[in-house]
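Novice: Positions -18 to -1, 1 to 198 (mature numbering (1 follows the signal peptide of the UniProt record, and there is no 0)) are the ones given, in order, by the sequence shown.
Where is the CB? At the ideal position from N, CA and C, for every residue including glycine.
What you are looking at is a predicted structure, and each value in this text was computed from that prediction instead of being measured.
Got a structure for you, written out below as structure tokens; questions coming shortly.
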Amino acid sequence: LALVLVAPSILSANFACLGEDINKVEKAGADWLHIDIMDGHFVPNLTIGPQVVADIRKRSRLFFDVHLMIEKPETLIPSFVEAGADLITVHLEACVHLHRVISLIKGYGIKAGVALNPATPVYLLNDIASELDLVLVMSVNPGFGGQTFISGAVEKIKELKQLLDNKGLNPFIQVDGGINETTGRRVVEAGANVLVAGSYIFGSSDIEKAVQSLKF
Ligand code: DX5
Ligand code: ZN
């Protein structure tokens, strides 16, 4: 029984053959496709825009989990919805009017998530938690694949689980950054149920084995 969902991050795919790499993880049993969107401002890196998402939408039936690491996400949310996102996660640090942004996403009939950078405390979710389908705990500073897992994320997930339990809420708890079989087990034990993994999956010589190894 797979209680944990695995969301390969295409940040570590080969963008010269993105469609093929996506088909590989889909065949390997991935549950979601994690799509990292970076603007060179909120994070010091650039990735892809809505057109690429729309193009890969035609090649994959996976659930599209779009992680926006951009300033003013409200300006691009309509385009990513149009492109085929099933879930859009915005960073708490990037939203002055977080409640408005979450309402905007949910108004399109798709799921909404909020991501927390490693230095952002869980208690800031107190007044928005009931509106969320997902909380993303970043276990690296966003911007790049292949970074080392920040182990403080484990305690943070426990704290988040506590906050949610106290309110009788049950959104997905996703973790992103430095996830492999070892760190994945630790965060799942702490309460996470969606694991994002980029370099661990796409850098593996056996992609199916890597995906399956995270289905705790
Ligand atoms: C980091 C991105 C992650 C990244 C994870 O800014 O949000 O999704 O692709 O890569 P790994 O699994 O290699 O740490
Ligand atoms: Zn991500």
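To the nearest angstrom, how far is it from the Cα of A174 to the Cα of D37?
Specialist: The straight-line gap from Cα to Cα measures roughly 30 Å.
Novice: Assign Y182 to buried or exposed, taking buried as 16 or more other Cβ atoms, counted over all protein chains shown, within 10 Å of its Cβ.
Specialist: Answer is buried; the Cβ neighbour count reaches 16.
Novice: Quick check on DSSP: helix, strand or coil for D158?
Specialist: Looking at D158 - three-state DSSP - the assignment turns out to be strand.
Novice: With burial defined as no fewer than 16 other Cβ atoms inside 10 Å of the residue's Cβ, what is the status of K40: buried or exposed?
Specialist: Exposed, by the Cβ-count rule.
Novice: Please check the pair V72 and A101, which I expect to be a contact at CB under 8 Å, by giving their CB distance rounded to whole angstroms.
Specialist: That pair is no contact at about 17 Å.
Novice: If I'm right that G11 touches V193 with Cβ under 8 Å, what's the distance once you round it to whole angstroms?
Specialist: About 5 Å separates the two Cβ atoms, so the contact holds.
Novice: Using three-state DSSP, classify F45 as helix, strand or coil.
Specialist: It is a strand residue.
Novice: Could you please give the first and the last residue of the uninterrupted alpha helix (DSSP H) stretch that includes I(-9)?
Specialist: Neither: I(-9) is in no alpha helix (DSSP H) and is coded neither H nor E.
Novice: Assuming contact is defined by CB atoms lying nearer than 9 Å, are V117 and L146 in contact in what I supplied?
Specialist: In contact: V117 and L146 (Cβ atoms closer than 9 Å).
Novice: Hey, how far is the Cα of residue 206 from the Cα of F46?
Specialist: The structure shown does not extend to residue 206, since the chain is modelled only from -18 to 198, so the question has no answer here.
Novice: Note down, one range per segment and in chain order, each alpha helix (DSSP H) of at least 4 residues found wholly within the region 49 to 79.
Specialist: Taking only runs of at least 4 residues, the alpha helix (DSSP H) segments lying wholly in the region 49 to 79 are 59 to 65.
Novice: Give the straight-line distance between the Cα atoms of K9 and I189, rounded to the nearest whole angstrom.
Specialist: If I take the Cα positions, the gap works out to 9 Å.
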